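Contents: one structure, followed by commentary.
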Amino acid sequence: MRVAHRRTTAVRRLTAVTLGLLALTGCGGPDDGPDDRQDATAKATATASGTSAAPTPAPDGTAPSTAPSATASSATAPSASAPSASAAGANAARWAGTKQFVQIDDARTAGGRTYLSVRPAEKKPHPRFEAWVIVPGEGPYTEVSMTEEAQVLLSVPLGDAKHPAAYAQDEFVGRLTGRPSSDRALLGFDLSFDGQGRVTRVQSLYTP
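Residue numbering for the sequence shown follows the working numbering, beginning at 13 and increasing consecutively.
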């Protein structure tokens, strides 16, 4: 009887140890292997430290994209900058050292310097008189400056005679701005520019 009792007690102890071992090794569930438990631990650690876990590969085996989104790229892209030189400065440089036939829409004096708003035009001989026909240009006017010693020669209708005569710059400005805009569109001028794009000579053409 004693022998049987000792055997029964030994079997019970062995069974308890075996169940304890199974409980320790199987606490993660029947479907969770060692790798799954390691991944879960790594994710929990990353979440606690404030960092995101590494991206999981796609089912087809390709690596996940880590490129920045298009929205972020467009937000930091520099906008196109405006040209550094104004249209007036560009035209002045283009006309430097040349002669141009233009219309003059307006004129003003500031700081002892005369400024003209000009636009390229064309001229044709008058079919019946020794005069000119002005063909207006198109596009915006550009402001150019005159040198202090620039020469001004005016003919009718701005001047007092058919043949050109010399006038002061301020008188030229007063005569031009004193006419309505519709009349100014019918006037034409030969301009000469120096190497810096400043007007050195103005001559109005005779128009009947």
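Glycine residues also receive a C-beta, built at the ideal position from the N, C-alpha and C atoms.
In this text, all values refer to a predicted model and were calculated from it rather than measured experimentally.
Classified as buried, Ser167 has 16 or more neighbouring CB atoms from the shown chains inside 10 Å of its CB.
The straight-line gap separating the alpha-carbon atoms of Leu217 and Leu199 is approximately 7 Å. Bounds of the alpha helix (DSSP H) holding Thr189 are Gln181 to Thr189. Contact annotation: the stretch 172-188 does not touch the stretch 203-213, with fewer than three C-beta pairs closer than 8 Å. Per DSSP, reduced to three states, the secondary structure at Ser204 is strand.
Per DSSP, the unbroken beta strand (DSSP E) holding Ser129 starts and ends at Arg125 to Pro132. For Arg213, the enclosing beta strand (DSSP E) starts and ends at Val211 to Ser216.
Here Ala119 is buried: its Cβ has 16 or more other Cβ atoms, across all protein chains shown, within 10 Å. Burial check for Phe141: the Cβ neighbour count within 10 Å stays below 16, so the residue is exposed. Counting along the chain, Ser157 sits inside the beta strand (DSSP E) bounded by residues Thr154 to Leu166.
Contact check for Pro220 and Ala143: beta-carbon distance about 5 Å, within the 8 Å limit, so the pair qualifies. Scanning its chain for C-beta atoms nearer than 6 Å, with the 5 sequence neighbours on each side dropped, one finds around Tyr179 the residues Val164 and Leu166, in chain order. The alpha-carbon separation between Ala162 and Glu150 amounts to approximately 26 Å.
The beta carbon of Thr121 lies closer than 8 Å to those of Tyr127, Gln181, Asp182 and Val185 in the same chain, with the five residues before and after it left out.
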